[in-house]
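A.B. asks: Anchor point for the sequence shown: position 162 equals 193 in this note's numbering, and the numbering is continuous, going up by one each time.
Virtual Cβ for every residue (Gly too), placed ideally from N, Cα, C.
Note that the coordinates shown come from a computational prediction; the quantities given were computed from them, not determined experimentally.
My structure is below; once you've seen it, I'll send some questions.
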Amino acid sequence: MTIPVQPVKSARGSLYVYASIGAILNAADKRPDYATGADGLKLPSRTNTAEESWDYGVGWDGALRLAREGWADGREAISALADKMREEVLQDSAALEAPEFVHGVAGAYVDVPAYLAHDPECMVAWMPVVKDRPIVRLYVSICGSSGVDSADFKRRGAAAAALVDNPQVDGICFVGKSSTCRIIAERCTAANKRYQAMGSAKNHLVVIPDYT
32 MTIPVQPVKS ARGSLYVYAS IGAILNAADK RPDYATGADG LKLPSRTNTA
82 EESWDYGVGW DGALRLAREG WADGREAISA LADKMREEVL QDSAALEAPE
132 FVHGVAGAYV DVPAYLAHDP ECMVAWMPVV KDRPIVRLYV SICGSSGVDS
182 ADFKRRGAAA AALVDNPQVD GICFVGKSST CRIIAERCTA ANKRYQAMGS
232 AKNHLVVIPD YT
């Protein structure tokens, strides 16, 4: 699908609905003039020049290429930063605490369903439990706005690489671009680490950006 579905009118103009991110890029690439939308409004994005910062300083065509292929120098920058950040990520992770909820006749708060069922052990106490070798799930927004510069993306990538390489992290869950999945799978396999890598997938709770 290379063109938007019928535009939906709203108070702020037209809302274009696409089947996928790839369809958005294809539609943008196949409109060489990109002058006027279906609602008659001017769409000046194609005239954007390389001096603008929001598109990594490469102009409209370059922004489309980056959206499809990612930042070529991003991986090198991430690798350089990963070594620096590895020791700083998950400090004191061997003593991470997670709550365990214990029912009894006394506690911090009442379990209402148990109380209504006349269960004498309806009170809940919060007990800290030490867990080492945590499993880390990465939560990163798929969309970058003009308020997020390239350095932030590199730092996030460096943190992700450090988590993958950290021996105290027992597992990695990743959803996103297939090429990124391959990198994570290779690094986790080399480290004999459990991983879940779902390439070319999306999740309503966890969405990982398509940056390599």
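For lysine 61, count neighbouring Cβ atoms within 10 angstroms of its own Cβ and tell me buried if that reaches 16, exposed if not.
C.D. replies: Exposed, since its Cβ has fewer than 16 Cβ neighbours within 10 Å.
A.B. asks: Do you know how far the Cα of glutamate 100 is from the Cα of isoleucine 1?
C.D. replies: An answer regarding residue 1 cannot be provided, because it is not within the stretch 32 to 243 covered by the chain.
A.B. asks: Report all residues from its chain with a CB closer than 7 Å to the CB of leucine 112; omit the five preceding and five following residues, and keep chain order.
C.D. replies: So the list reads Lys185, Arg186 and Ala189, once near-sequence residues are dropped.
A.B. asks: For valine 155 versus aspartate 142, is the C-beta spacing smaller than 8 Å?
C.D. replies: In this structure, aspartate 142 lies closer than 8 Å to valine 155 by Cβ.
A.B. asks: Using C-beta distances below 7 Å, list every residue in its chain close to valine 136, excluding the 5 sequence neighbours before and after it, in chain order.
C.D. replies: Excluding sequence neighbours, valine 136 sits near Pro151, Glu152 and Met154.
A.B. asks: Is it right to say asparagine 197 is buried, meaning 16 or more other beta carbons lie within 10 angstroms of its own, or is it exposed?
C.D. replies: Asparagine 197 is buried by the Cβ-count criterion.
A.B. asks: Ends of the beta strand (DSSP E) at valine 269?
C.D. replies: Residue 269 lies beyond the range of the chain shown here (32 to 243); nothing can be said about it.
A.B. asks: According to the Cβ coordinates, are cysteine 212 and glycine 230 closer than 8 Å?
C.D. replies: Closer than 8 Å, so yes.
A.B. asks: From which residue to which residue does the alpha helix (DSSP H) around alanine 94 run?
C.D. replies: Unbroken alpha helix (DSSP H) run through alanine 94: 90-100.
A.B. asks: Going by beta carbon distance, what residues of the same chain come within less than 7 Å of valine 195, once the five residues before and after it are set aside?
C.D. replies: Closer than 7 Å at the Cβ level, and outside the excluded window around valine 195, lie Ile203, Ile215, Arg218 and Cys219.
A.B. asks: Residues bridged to alanine 156 by DSSP?
C.D. replies: Alanine 156 is bridged to Val133.
A.B. asks: Which partner residues does tyrosine 49 have in the DSSP bridge list?
C.D. replies: None; tyrosine 49 has no bridge partner.
A.B. asks: Where alanine 66 and alanine 59 are concerned, what is the direct C-alpha to C-alpha distance, given to the nearest angstrom?
C.D. replies: Annotation note: pLDDT 48 at alanine 66 (below 50); position unreliable, coordinate value reported separately. Going by the C-alpha atoms only, they are around 11 Å apart.
A.B. asks: Taking the C-alpha atoms as reference points, what is the distance between glutamate 131 and glycine 138?
C.D. replies: So the alpha carbons of these two residues sit roughly 12 Å apart.
A.B. asks: Count the other C-beta atoms from every protein chain shown that fall within 10 angstroms of the C-beta of valine 206, then say buried if there are 16 or more, exposed otherwise.
C.D. replies: Classification for valine 206: buried.
A.B. asks: Would you tell me roughly how many angstroms separate the C-alpha atoms of methionine 158 and tyrosine 49, rounded to the nearest one?
C.D. replies: Cα to Cα, the separation comes out at about 48 Å.
A.B. asks: Please name the residue in Tyr146, Ala192 and Tyr140 whose C-alpha comes closest to that of glutamate 107.
C.D. replies: Ranking Tyr146, Ala192 and Tyr140 by Cα distance to glutamate 107 puts Ala192 first.
A.B. asks: Residue range of the alpha helix (DSSP H) that alanine 221 falls in?
C.D. replies: Here the alpha helix (DSSP H) through alanine 221 covers 209-221.
A.B. asks: Starting from the Cα of lysine 208, find the closest Cα among Ala221, Ala228, Ala222 and Ala148 and give me that residue.
C.D. replies: Nearest option by C-alpha distance: Ala228.
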